Amino acid sequence: VLAGAAVVVIAALVAIWRPLNFASLDPELAEARGVPVRTLALIFMVLLGVSVALSIQVVGALLVLALLITPAAAALRVTSSPVVLVVLSVVFAVTATVGGILLALGGRIPISPYVTTLSFLIYVVCRIIGSVRARQGINGRLVHAR
482 VLAGAAVVVI
492 AALVAIWRPL
502 NFASLDPELA
512 EARGVPVRTL
522 ALIFMVLLGV
532 SVALSIQVVG
542 ALLVLALLIT
552 PAAAALRVTS
562 SPVVLVVLSV
572 VFAVTATVGG
582 ILLALGGRIP
592 ISPYVTTLSF
602 LIYVVCRIIG
612 SVRARQGING
622 RLVHAR
């Protein structure tokens, strides 16, 4: 059931990717261009709800929320490109998950705390990188606040 739902969710996201991206970046312009912003938001929320509801049954609430929010928040700190954001989010989530599984092999603590901690550490590193990059200009010169 979970695999079937995952296929449906991924297919739906691929189908609505461009208009959803447009509506997310500039909802007023998207609506003026005829994009059904409210309908896309509703579809996205339903897809998110289905994903979370099915995932919580398998891995638990803490892990689902950690893998849903933290990788995307970390990626937002280091990129502004929507495509790179999605790719980095997946890379960060997989890294935290595999790392958590490997760390749990040697201990008596379940996987979830390890994955959550690794997700948080990835976020902290990305936040530091984002702060450093924000203080530097395009050519590496420091931008001083006035």
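Going by this note's numbering, the first residue of the sequence shown is number 482, and it counts up by one from there.
No residue lacks a Cβ here, since even glycine has one placed at the ideal position from N, Cα and C.
Remember, it's a predicted structure, so these values are computed and weren't measured experimentally.
Query raised in the report: Could one say the Cβ of G515 lies closer than 7 Å to chain B's Cβ atoms, at least one of them?
Result: Judged by its chain identifiers, the structure shown contains no chain B, having just a single protein chain.
Query raised in the report: Should the region 532-542 be called in touch with the region 557-573, which here means at least 3 C-beta pairs below 8 Å?
Result: no
**Report entry** Between the CA atoms of L501 and A522 - distance to the nearest angstrom
**Finding:** 8 Å
Query raised in the report: Ordered along the chain, which non-local residues of its own chain (more than five positions away) have a Cβ less than 6 Å from that of A511?
Result: F503, A504, V518
Report task. Answer yes or no: do A486 and V540 have a C-beta to C-beta separation smaller than 7 Å? Result -> no
Query raised in the report: At a cut of 8 Å, does the region 565-572 reach the region 586-597 through at least three beta carbon pairs?
Result: no
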